[in-house]
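*Asks:* The listed protein sequences derive, respectively, from chains A and B. Sequential numbering from 1 applies to the first sequence in the UniProt record's numbering. Sequential numbering from 1 applies to the second sequence in the UniProt record's numbering. We put the beta carbon where it would ideally sit given N, CA and C, even for glycine. Quick caveat, the model's predicted, so the values are computed rather than measured. Okay, here's the structure, questions in a sec.
Protein chains: 2
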Amino acid sequence: MTPAQTAMLDALVPVLGRKGIVTDPAAIAPWLVDWRRRFHGAAPAILAPASTAEVAAVVAAAARHRVALVPQGGNSSMVGGATPPADGSALILSLRRMNAIRRVDAAAGLAVAEAGVILSDLHDAALAVDRRFPLTLGAKGNATIGGLVSTNAGGTQVLRFGSMRGLVAGVEVVLADGSVHDGLAPLKKDNRGYDLTQLLVGAEGTLGVVTAATLRLVPVPAALATAWAAVRDPQAALTLLRRFQAATEALESFEILPRESLAAVLAYVPSLRAPVAAEAAWHLLIEHTDPSGDALMERLLGEALADGLIVDATLAATATQAADFWRIRESISDSERALGPASQHDLSVPVDAMPRFMIEAAAACEARFPGTHASGFGHLGDGNVHFHVRAAPGTDPALWYGEHVPVVTRFVDDLVIAAGGSIAAEHGIGQMKLAELERLSSPARLTALRAVKAAMDPLGILNPGKLVALAPSAAAQ
Amino acid sequence: MTPAQTAMLDALVPVLGRKGIVTDPAAIAPWLVDWRRRFHGAAPAILAPASTAEVAAVVAAAARHRVALVPQGGNSSMVGGATPPADGSALILSLRRMNAIRRVDAAAGLAVAEAGVILSDLHDAALAVDRRFPLTLGAKGNATIGGLVSTNAGGTQVLRFGSMRGLVAGVEVVLADGSVHDGLAPLKKDNRGYDLTQLLVGAEGTLGVVTAATLRLVPVPAALATAWAAVRDPQAALTLLRRFQAATEALESFEILPRESLAAVLAYVPSLRAPVAAEAAWHLLIEHTDPSGDALMERLLGEALADGLIVDATLAATATQAADFWRIRESISDSERALGPASQHDLSVPVDAMPRFMIEAAAACEARFPGTHASGFGHLGDGNVHFHVRAAPGTDPALWYGEHVPVVTRFVDDLVIAAGGSIAAEHGIGQMKLAELERLSSPARLTALRAVKAAMDPLGILNPGKLVALAPSAAAQ
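This is the structure in structure tokens:
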């Protein structure tokens with residue numbers, strides 16, 4: 001522990017008490033490695049304030065002592081966004097003790113949740129008053145509201161109600177000097193200058209520490225229809241997507257996966273069965289909450305079958321069957337991991353460009369890196385897929401991750417930029433993509449990102465080394 | 001003209017040509033006064049670039065010569081946001097020649113419009129491909145896309161699809177150093193750091209010059225139902241609002257006005273008639289696009305009549321009748337102006353708090369300023385009303401505006417802040433509310449606004465004196 005860290009902790013003992021300062025290495029250890037176990041950090045202490053005032057005291061002390069803080073919620077970042085630097089220079093600021101749902105207002109369709117509230121707990125609290133918080137994702141049992149806001153999280157239900165950015169009506173945030181900005185009031189129109197709420201959403205804890213958020217709730221749908229369809233290619237899937245969007249505003253999911261992803265899941269999870277009998281190169285999981293329910297789904301899929309747009313389809317007849325369709329979708333990552341090491345890319349392009357991108361980028365990767373297998377799956381309706389390039393069979397994992405993945409990553413990222421897309425669709429930048437963001441951003445974007453960072457965190461104490469470096473990072477040289 | 005301005009113009013002649021530089025005082029004059037004729041500025045020239053590259057050249061030259069620019073579109077700001085400073089230190093940067101609609105994509109539901117495109121032209125272009133750009137407002141024949149984006153404009157159709165912030169999928173913007181940030185790609189998920197698009201929306205041209213925007217289009221509704229209802233008080237109106245919201249997601253307008261506003265309109269526009277016979281203290285204009293059309297409107301209003309929530313109601317039987325209802329709503333400002341000078345406030349509070357605020361704030365104003373008459377009208381569904389305090393009969397206008405209005409403004413603004421609201425709901429800050437924003441913002445908010453401004457426009461050349469001053473303004477002392 002540095003003398004500054006020691007002095008800071010000493011100053012915080014009367015504020016946080018014993019429960020609020022963790023220095024036992026065994027208790028700290030689980031929070032030093034990221035979800036995917038790709039990044040390993042060090043930190044001599046975890047600070048765990050229980051109130052906004054305590055967070056403010058922590059940040060003010062950090063500013064005074066020039067000690068960096070790494071805000072952490074459920075530690076489920078996919079890009080090392082919540083893992084402290086390896087040199088032990090930063091302390092972890094855990095928001096998990098701030099786990100109150102301060103208010104749920106069914107009539108107004110709003111909830112105020114503290115940063116440490118776990119997503120599935122918010123789902124439950126909304127359902128208890130007959131409302132729904134529509135955003136969900138695989139890590140819902142770990143991911144916290146503060147992290148979801150700070151990463152502008154996405155998931156499989158973004159199509160209709162948007163990412164977190166669209167669901168956040170306001171935030172309470174502790175700024176880098178320890179002052180508190182209370183932006184929780186749910187004002188539908190508020191033009192008092194730059195939108196600080198939207199600036200903090202997706203800022204990955206580098207501009208301020210989100211301590212609570214006002215979140216939009218939506219009605220619980222009266223009807224839910226879930227279907228599986230098989231198609232020849234992503235272009236046909238796009239055509240079907242547009243038909244659904246023309247027919248209903250209540251399309252909630254439109255997920256795509258290639259045959260080999262389905263096969264990987266069926267091999268990995270023996271209890272699951274292929275939803276349709278037809279052999280097809282691509283598969284779709286479609287869900288809507290249109291009041292007409294299955295009738296609309298049947299009509300649109302029936303028409304698509306009749307005119308040859310799809311080759312097969314089936315509606316989930318029961319909630320269990322629908323859940324099985326979703327288990328297939330949600331098992332892809334684990335199932336593919338069992339096939340060997342891969343370079344994984346969370347990317348987006350304009351929706352209309354995605355079918356062509358999926359085909360051409362996979363072909364380009366396999367041509368450029370012989371023996372590899374490339375394919376994308378995910379949120380076609382959002383123009384966002386998870387694009388995986390699997391190592392040639394027999395490749396040494398250490399060699400793959402150490403030497404090949406950076407090369408593959410640059411190759412894929414160049415394809416994304418050429419297609420007008422984003423190299424960070426829903427997982428953010430964190431530390432994993434920082435160098436690539438610098439390499440691929442226009443001077444205008446990079447200048448603006450750095451200027452905002454320097455303005456809001458002039459001492460560089462908030463999640464340093466994530467999202468944007470104040471000076472060009474060594475890795476980008 | 002200052003030597004720096006002369007040097008800058010000389011440098012720009014080869015770039016902009018004769019059409020792009022206006023120095024004739026008669027041609028400049030109309031653009032030196034704001035829409036409400038409350039602010040008068042001076043500028044030795046208008047620069048009118050015709051392309052993004054030309055805008056970039058103008059801003060780069062302004063940075064080089066340290067000459068301030070005032071971006072201007074339709075010049076319909078309600079807060080002096082586009083009026084240059086009175087000392088002639090700034091040049092007007094008109095975006096009106098950038099008026100191309102670059103793309104309209106019905107299938108994707110997107111349009112790319114340059115900053116100078118007039119709102120009603122965008123409406124027409126969308127309708128031509130059977131789509132709708134849902135935002136509209138009184139100044140639609142003048143207001144431009146650049147201004148609407150830069151002020152996060154609202155209007156009467158915000159309830160369902162949101163303000164401009166919710167309709168902007170991306171922006172192209174020239175930053176203060178003349179570099180161009182191309183954020184037009186319509187990526188539904190993009191977490192490449194701080195959201196520069198959202199930062200520019202509502203920034204009033206103080207962080208960059210918006211040159212084009214990608215905008216969301218929505219389907220043309222199959223049904224439209226418009227009704228007028230009379231209610232006893234705003235609380236009953238709120239109850240009715242919640243019933244509509246529970247019944248349909250397609251509620252598009254829920255406007256409220258007091259009896260005296262209706263009377264003022266009927267006196268001022270002789271061709272209009274009172275929609276309902278009943279005498280009631282408050283009136284509502286309700287519009288939805290639920291597919292069930294009039295049936296839903298009839299059912300909900302019938303139930304409300306039956307249980308005494310409303311005292312009278314009528315559905316618009318024809319499009320002409322619906323248009324007449326809207327003419328009443330849109331004639332309020334002009335009609336009330338004819339009654340005498342007023343202090344006008346564009347404010348918002350949480351929707352649930354608005355009924356009580358409307359009653360109590362009006363009573364408080366009339367008690368504090370004897371002889372005045374206070375009332376609010378507008379977007380109840382958005383928690384946003386235009387609150388007018390009319391001078392006591394016989395008050396000298398010069399005295400009223402010069403001495404009373406500032407006092408009334410501070411009084412009203414204090415009430416708004418006490419109610420957890422915003423003193424700038426949809427009209428922005430401009431120069432009119434800058435001092436009040438400084439007076440009423442928390443240190444955290446003000447520090448953040450100033451930091452962002454200084455970071456993005458370090459030379460202070462973009463719309464100086466609007467939104468936030470880099471140093472505390474004299475007026476706020």
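1. With 16 as the cutoff for other CB atoms within 10 Å, does A/Ala29 come out buried or exposed?
2. Can you confirm whether B/Ile429, when its beta carbon is compared against all beta carbons of chain A, has any partner nearer than 8 Å?
3. Buried or exposed: B/Gly17, going by 16 or more other Cβ atoms within 10 Å of its Cβ?
4. For chain A, is any of its Cβ atoms less than 8 Å away from the one on B/Ser422?
5. Just confirm the distance between the C-beta atoms of A/Val416 and A/Val468, as a whole number of angstroms; I'd bet it's less than 8 Å.
6. Name the chain A residues whose beta carbon is nearer than 8 Å to that of B/Thr447?
7. Decide if B/Pro355 is buried, meaning its Cβ has at least 16 other Cβ atoms within 10 Å, or exposed.
8. So, are the CB atoms of B/Thr23 and B/Ala45 less than 8 Å apart?
9. In angstroms with no decimal places, state the Cα-to-Cα distance between B/Asn99 and B/Ser51.
10. Are B/Gly430 and B/Val79 closer than 8 Å when you measure CB to CB?
11. Assign A/Pro355 to one of three DSSP states: helix, strand, or coil.
12. Any beta-carbon of chain A closer than 8 Å to the one on B/Glu303?
13. Run through chain B and tell me which residues come within less than 7 Å of A/Gln5, C-beta to C-beta.
14. Which first and last residues belong to the beta strand (DSSP E) in which A/Thr226 is found?
15. What does A/Pro443 reach in chain B if we use C-beta pairs closer than 7 Å?
16. Could you list which residues in chain E have their beta carbon closer than 7 Å to that of A/Pro186, in chain order?
17. With a CB to CB cut of under 7 Å and the five nearest residues on each side skipped, what residues in its chain are close to A/Ala185?
18. If we cut at 8 Å on Cβ distances, does B/Pro472 have a partner in chain A?
19. Can you name the residues that DSSP bridges to A/Arg103?
20. Taking the alpha-carbon positions, what's the A/Ala42 to A/Leu32 distance?
21. With DSSP as the reference, label B/Ile46 as helix, strand or coil.
22. For B/Asn384, which residues does DSSP report across the bridge?
23. Taking three-plus beta-carbon pairs below 8 Å as touching, is the region 181-199 of chain B in contact with the region 444-463 of chain A?
24. Determine, using beta carbons only, whether A/Leu272 and A/Asp233 come nearer to each other than 8 Å.
25. Could you pull out every residue in the same chain whose Cβ sits closer than 6 Å to the Cβ of A/Ser422, ignoring the five residues on either side in sequence?
26. Which residues share a DSSP beta bridge with B/Leu69?
27. Give the DSSP-derived three-state secondary structure of A/Leu284 in the structure shown.
28. Could you tell me the alpha carbon to alpha carbon distance between A/Leu251 and A/Thr2, rounded to whole angstroms?
29. Run through DSSP, which three-state label would B/Phe254 get?
30. So which residues on chain A does B/Ser163 lean against when the C-beta distance must stay under 9 Å?
31. Would the region 228-247 of chain B count as touching the region 266-281 of chain B if we require 3 or more Cβ pairs under 8 Å?
32. Please say whether A/Gly81 and A/Arg426 have beta carbons closer to each other than 8 Å?
33. For chain A, check one thing: does any of its Cβ atoms lie closer than 8 Å to the Cβ of B/Arg242?
34. Please report whether the beta-carbon of B/Gly202 lies at a distance below 8 Å from any beta-carbon of chain A.
35. Please decide whether B/Gln157 counts as near chain A, where near means a Cβ-Cβ distance under 8 Å.
36. Along the chain, where does the alpha helix (DSSP H) that runs through A/His123 open and close?
*Replies:* On the basis of the coordinates in this document:
1. exposed
2. yes
3. exposed
4. Closer than 8 Å to the CB of B/Ser422 there is at least one CB belonging to chain A.
5. Actually they are not in contact, since the Cβ atoms of A/Val416 and A/Val468 sit about 19 Å apart, beyond 8 Å.
6. Leu175, Asp177, Ser179
7. buried
8. Their beta carbons are under 8 Å apart, which means B/Thr23 touches B/Ala45 by this criterion.
9. Cα-Cα distance, rounded: 9 Å.
10. Yes; because the gap between Cβ atoms is below 8 Å, this pair is in contact.
11. The three-state secondary structure of A/Pro355, taken from DSSP, is helix.
12. no
13. In chain order: nothing, as chain B lies at least about 26 Å away.
14. 225-231
15. Ser179
16. No chain E appears in the structure shown, which is made up of the protein chains A and B.
17. Gly170
18. Interpretation of B/Pro472 is limited by its pLDDT of 46, a score under 50 that renders its predicted location unreliable; the figure taken from the coordinates is listed afterwards. No - not a single Cβ of chain A is within 8 Å of the one on B/Pro472.
19. Answer is A/Val112, bridged to A/Arg103.
20. 6 Å
21. If DSSP states are grouped into helix, strand and coil, B/Ile46 belongs with the strands.
22. B/Ser348, B/His379
23. yes
24. no
25. Ser348
26. DSSP, once it has assigned bridges, lists B/Leu91, B/Leu462 as partnering B/Leu69.
27. strand
28. 54 Å
29. strand
30. Lys188, Lys189, Asn191
31. yes
32. Correcting the residue identity first, residue 426 of chain A is Glu in this sequence and not Arg. Taking 8 Å as the cut-off, the beta carbon of A/Glu426 is found no closer than this to the beta carbon of A/Gly81.
33. yes
34. yes
35. no
36. 119-128
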